[in-house]
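Peer 1: Pasting a structure below so you can have a look.
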Amino acid sequence: MALSTLRIIGFILGLFLITLAASMLLPMVAMLWYGHHEDIGAFLWSSLITFVVGLALTLPRRPQNAHLRPRDMYLLTTSSWLVVGLFAALPLVLIRNLSFTDAFFESMSGITTTGATVLSDLDASSPGLLLWRSLLQWLGGIGFIAMAVAILPLLRVGGMRLFQTESSDWSEKVMPRSHMVAKYFVAIYVLFTLLGTLAFHLTGMGWFDAVNHAMTSVSTAGFSTSDASLATFPKATHWVAVVLMVLGSLPFVLYVSTVRGNYRALIRDQQVRGFLLVLAGVSLPFSLWLWLNSDYAFIDALRIATVNVVSIVSTTGYALGDYTQWGGFAVMVFFYLTFIGGCSGSTSGGLKIFRFQVAYSLLKANLQQLVHPRAVIKQQYNGHNLDEEIVRSILTFSFFFTITIGFIALGLALLGLDPLTALTGAATAVCNVGPGLGPIIGPAGNFSTLPDMAKWLLAIGMLLGRLEIITVLVLMTRSFWRH
Numbered sequence: 001m002a003l004s005t006l007r008i009i010g011f012i013l014g015l016f017l018i019t020l021a022a023s024m025l026l027p028m029v030a031m032l033w034y035g036h037h038e039d040i041g042a043f044l045w046s047s048l049i050t051f052v053v054g055l056a057l058t059l060p061r062r063p064q065n066a067h068l069r070p071r072d073m074y075l076l077t078t079s080s081w082l083v084v085g086l087f088a089a090l091p092l093v094l095i096r097n098l099s100f101t102d103a104f105f106e107s108m109s110g111i112t113t114t115g116a117t118v119l120s121d122l123d124a125s126s127p128g129l130l131l132w133r134s135l136l137q138w139l140g141g142i143g144f145i146a147m148a149v150a151i152l153p154l155l156r157v158g159g160m161r162l163f164q165t166e167s168s169d170w171s172e173k174v175m176p177r178s179h180m181v182a183k184y185f186v187a188i189y190v191l192f193t194l195l196g197t198l199a200f201h202l203t204g205m206g207w208f209d210a211v212n213h214a215m216t217s218v219s220t221a222g223f224s225t226s227d228a229s230l231a232t233f234p235k236a237t238h239w240v241a242v243v244l245m246v247l248g249s250l251p252f253v254l255y256v257s258t259v260r261g262n263y264r265a266l267i268r269d270q271q272v273r274g275f276l277l278v279l280a281g282v283s284l285p286f287s288l289w290l291w292l293n294s295d296y297a298f299i300d301a302l303r304i305a306t307v308n309v310v311s312i313v314s315t316t317g318y319a320l321g322d323y324t325q326w327g328g329f330a331v332m333v334f335f336y337l338t339f340i341g342g343c344s345g346s347t348s349g350g351l352k353i354f355r356f357q358v359a360y361s362l363l364k365a366n367l368q369q370l371v372h373p374r375a376v377i378k379q380q381y382n383g384h385n386l387d388e389e390i391v392r393s394i395l396t397f398s399f400f401f402t403i404t405i406g407f408i409a410l411g412l413a414l415l416g417l418d419p420l421t422a423l424t425g426a427a428t429a430v431c432n433v434g435p436g437l438g439p440i441i442g443p444a445g446n447f448s449t450l451p452d453m454a455k456w457l458l459a460i461g462m463l464l465g466r467l468e469i470i471t472v473l474v475l476m477t478r479s480f481w482r483h
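Heads up: the sequence shown runs through residues 1 to 483, numbered per the UniProt record's numbering.
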């Protein structure tokens, strides 16, 4: 790889670190506002260290006659998430005296919007720490939207070329349009966050809790300001969280289309309709099942089931009670829901709805071909032809997605974890959901008691899942590093 390319990547990483350093000022403001001065020094030193390193990377300036090729985006994408995760861990080490393993696990869980945590006693934590966790998830959410829309289609990862837009083309000709689309993304994301903050406050949350939960709901991330998650807050706030989680799970490209005059963009999209159908098709029957098998009134059963289903399918990870205590049927339902995910170009993780829809389309076409061997069956999805390259990309991603979960689960079992914790821990990390199942990492527990090696393994799983597996795996091939 050329030195000029590495200099460009270093320059961009420096800009990311300077942005991260500036973000560390916000928790300091919160601590000054609420009178918690004891942790200000931790954020001040972390911000200074991060800023100095970022400045050192940007001082050489960007080479004038060098440009990033599509293959260079693999290294930039992976290194940016990794470097930001490393420096974002600094305040956690200094505030809570966490080991760097725990701090990195928490920060990687934050920027990948996974929501798995090693922290407890959140209700007594400083406002600066709580805001920093939420801010990491909020920044990670908008970062993934940009990557999923502009970079992954360009890299032809996991069938994402189905959703290629003008922002996916890095040629000089369309850069002004790409910048305009990016501004729309940020504006819509901020608008959802502000409206969510107001809605949370009007339904019973204090302003500080409302800001934090708005950020972690829109980013489908799941960090809360309380150990009991949403259960701490009034019932009306639960429905606000549902709306925000759904909004964060829909394609932001379609929001831009709606703002620009195509008011039926969301309604007509096959992926959006499929996602909403899954949510309704699971939440309503599950609410009825919970009502019949518990002492809840139907309206409470509907609320509790809907919050938990939307939280898991959208890969947010909020918990409203310990659903692992509802019996084996509920445990299996939530384990299956872990893999689904939201829409492409949203903040959610998982396999994504469109891959299930494409798989169904392929199965249907294959069955028709068996009945009518000589028929020419046209395969389309959302108005796009399913050519061989897209199908191959989806199959490759799905295979390695499953294999990654399997290998991480085996590694966790080798470290002494029980099968349920190992399997669901691997699945929730790669799918970026947050809580697993069982008494250790379930909705009523956390990841603090796991061995350090298990935390590193899960952090790698979070990164792999957030970056769609192939983006990271390609860096491990010899051919990538050849000149």
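C-beta: ideal position from N, C-alpha, C; glycine also.
Per DSSP, Asn446 is paired with what?
Peer 2: Answer by DSSP bridge pairing: none, since Asn446 is not bridged.
Peer 1: Taking only runs of the alpha helix (DSSP H) that begin and end inside the stretch 212-293, which ones reach a length of at least 4 residues, in chain order?
Peer 2: Taking only runs of at least 4 residues, the alpha helix (DSSP H) segments lying wholly in the stretch 212-293 are 235-249, 252-259, 265-268, 270-292.
Peer 1: Do Leu250 and the ligand FAD come close, with the Cβ less than 7 Å from some heavy atom?
Peer 2: This structure simply doesn't include the ligand FAD, nor any ligand for that matter.
Peer 1: Which of the three DSSP states is assigned to Tyr381 in this structure?
Peer 2: Tyr381 falls in the strand class under three-state DSSP.
Peer 1: Roughly how far, in whole angstroms, is the beta-carbon of Ala459 from the beta-carbon of Leu415, given that I think they are within contact range, below 8 Å?
Peer 2: That belief does not hold up - the Cβ atoms of Ala459 and Leu415 are roughly 14 Å apart, past 8 Å.
Peer 1: Using a threshold of 8 Å, state whether the C-beta atoms of Pro91 and Ser46 are closer than that.
Peer 2: For Pro91 and Ser46, yes; Cβs fall inside 8 Å.
Peer 1: Of the residues Gln271, Thr58, Arg71, Leu266, which one's Cα is nearest the Cα of Val157?
Peer 2: Ranking Gln271, Thr58, Arg71, Leu266 by Cα distance to Val157 puts Arg71 first.
Peer 1: So, helix, strand or coil for Pro27, using DSSP?
Peer 2: In the structure shown, Pro27 sits in a helix (DSSP, three-state: H, G or I).
Peer 1: Could you pull the start and end residues of the alpha helix (DSSP H) that Thr306 belongs to?
Peer 2: Element bounds for Thr306: 298-313.
Peer 1: Leaving out the 5 sequence neighbours to the left and right, which residues in its chain are closer than 7 Å to Ala103 when beta-carbon positions are compared?
Peer 2: Answer for Ala103: Ala89, Leu92, Val93, listed in chain order.
Peer 1: Alpha carbon to alpha carbon, how far is residue 490 from Met73?
Peer 2: Residue 490 is absent from the structure shown; the chain starts at 1 and stops at 483.
Peer 1: Take His201 as the anchor and find which of Ala210, Leu194, Leu195 has the nearest alpha-carbon.
Peer 2: Closest by alpha carbon: Ala210.
Peer 1: Is Asp39 closer than 8 Å to residue 500 when the C-beta atoms are compared?
Peer 2: Since the first and last residues shown for the chain are 1 and 483, residue 500 lies out of range.
Peer 1: Identify the continuous alpha helix (DSSP H) that holds Lys364 and give its terminal residues.
Peer 2: Where Lys364 is concerned, the enclosing alpha helix (DSSP H) stretches over 353-371.
Peer 1: Please confirm whether Gln270 and Tyr381 have their CB atoms less than 8 Å apart.
Peer 2: For Gln270 and Tyr381, yes; Cβs fall inside 8 Å.
Peer 1: Output the distance between the C-alpha atoms of Asp295 and Ala280, rounded to the nearest integer angstrom.
Peer 2: Cα to Cα, Asp295 sits roughly 23 Å from Ala280.
Peer 1: Looking only at C-alpha atoms, which of Pro443, Leu475, Thr477 sits nearest to Phe223?
Peer 2: Checking every option, the nearest Cα to that of Phe223 belongs to Pro443.
Peer 1: Can you name, in chain order, every residue of its own chain whose Cβ lies under 7 Å from the Cβ of Thr232, other than the five neighbours on each side?
Peer 2: Only Ser226 meet the Cβ criterion.
Peer 1: Check whether the Cβ atoms of Leu230 and Ala214 lie closer than 8 Å to each other.
Peer 2: No. Outside cutoff.
Peer 1: Give me, in chain order, the residues of the same chain whose beta-carbon lies closer than 6 Å to that of Lys352; leave out the 5 immediate sequence neighbours on both sides.
Peer 2: Closer than 6 Å at Cβ, skipping near neighbours: Gly341, Ser344.
Peer 1: With distances taken from CA atoms, which of Leu130, Ser80, Met108 is nearest Gly54?
Peer 2: Minimum Cα distance to Gly54 is reached at Ser80.
Peer 1: Is it buried or exposed for Tyr336, if we count other Cβ within 10 angstroms and need 16 for buried?
Peer 2: When all chains shown are included, Tyr336 counts as exposed.
Peer 1: For the putative contact between Ala265 and Phe286, defined by C-beta atoms under 8 Å, what is the C-beta separation to the nearest angstrom?
Peer 2: Incorrect: roughly 30 Å between the Cβ atoms, too far for contact.
Peer 1: Alpha carbons only, please: which of Ala22, Pro439, Thr402, Thr449 is nearest the one belonging to Ala426?
Peer 2: Of Ala22, Pro439, Thr402, Thr449, the residue nearest in Cα terms is Thr402.
Peer 1: Quick check on this structure: which residue in Leu129, Trp289, Phe339 has the alpha carbon closest to the alpha carbon of Gly327?
Peer 2: Of Leu129, Trp289, Phe339, the residue nearest in Cα terms is Trp289.
Peer 1: How should Met245 be labelled, buried or exposed, when 16 other C-beta atoms within 10 angstroms of its C-beta is the threshold for buried?
Peer 2: The residue in question, Met245, is buried, as its Cβ has 16 or more Cβ neighbours within 10 Å.
Peer 1: I'd like to check one pair, Ile408 with Leu463: are the Cβ atoms closer than 8 Å?
Peer 2: Contact: no.
Peer 1: Would Ser311 pass as a contact of Phe275 if the rule is Cβ separation under 8 Å?
Peer 2: It is not a contact, given that the beta carbons lie outside the stated cut-off.
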